[in-house]
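Asker: One structure follows; several queries about it will come next.
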Ligand SMILES: N[C@@H](CCC(=O)N[C@@H](CS)C(=O)NCC(=O)O)C(=O)O
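Numbering (the numbering used here), first residue to last: 722 to 944.
Written as structure tokens, this is what we have:
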């Protein structure tokens, strides 16, 4: 039995986890969750019921996207890719984690407000966007010098951030396309335009107890 991944297609945390699983070529059983009516099997696990979550073959639980990503790296046999994504040098690992924390703690906060500005009427949508742009400017500065955030090769920093930048860009596509974040735009399209991303974003119907297992990544793009 393969590990089970509770996932939600559009969730940026789930996208980063699925992207790494697909990159390293690990196959799991995917269970698509509807956040408004989470399946009993997920709730029965107790504690947090956010997605993504992974349960491995021994029943060990990985309740956060980063836990799943490191689980995937640990089980991958592609050492070269593992080293590229998570360089063994601690200086680089610290840089990667600094980007991820900056994203998860700062950018995500403003992204939520920008996306759902009507739920946060104390400020305007433009105000929230401008706060998020502080992060975009840092990305732009970095990406003007190298193709990816740490160097010319993709690392976990890129994979963990791009799904959030994608959401930010989608709030007002016209604004983003006409913005001057040229390096960010080409960095983002190198992910979003890839075949791998199409597989990561395969559409599944909501999982129901007892159904035939659905595997991720899929053999071919569906939906
Ligand atoms: N820190 C978590 C965050 C996951 C998260 O917030 N997922 C959202 C969907 S994008 C969710 O499950 N929200 C519903 C809930 O928290 O019950 C991770 O890295 O996996």
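Even glycine gets a Cβ: it sits at the ideal position worked out from N, Cα and C.
Bear in mind that the values here come from a model prediction, so they are computed numbers and not experimental data.
(1) Distance check for residue 780 and residue 846, CA to CA, integer angstroms please.
(2) Look at the alpha carbon of residue 783 and the alpha carbon of residue 724, and state the distance between them as a whole number of angstroms.
(3) Under the assumption that residue 815 contacts residue 882 (Cβ atoms under 8 Å), give the Cβ distance between them as a whole number of angstroms.
(4) If you draw a straight line from the C-alpha of residue 924 to the C-alpha of residue 772, how long is it?
(5) For residue 855, which of helix, strand or coil comes out of DSSP?
(6) Do residue 934 and residue 920 have their beta-carbon atoms positioned less than 8 Å apart in this structure?
(7) Any heavy atom of ligand 1 closer than 7 Å to the CB of residue 933?
(8) Name the residue from 834, 868 and 870 whose alpha carbon lies nearest to the alpha carbon of residue 853.
(9) Looking only at DSSP bridge pairs, what is residue 728 linked to?
Answerer: On the basis of the supplied data:
(1) 44 Å
(2) 11 Å
(3) The beta-carbon distance between residue 815 and residue 882, rounded to whole angstroms, is 16 Å. This is too long to meet the 8 Å contact definition.
(4) Computed Cα separation, rounded: 16 Å.
(5) helix
(6) For residue 920 and residue 934, no; Cβs fall outside 8 Å.
(7) It does not: the Cβ of residue 933 is nowhere closer than 7 Å to a heavy atom of ligand 1.
(8) 834
(9) Residue pairing for residue 728: DSSP places it in a beta bridge opposite 753.
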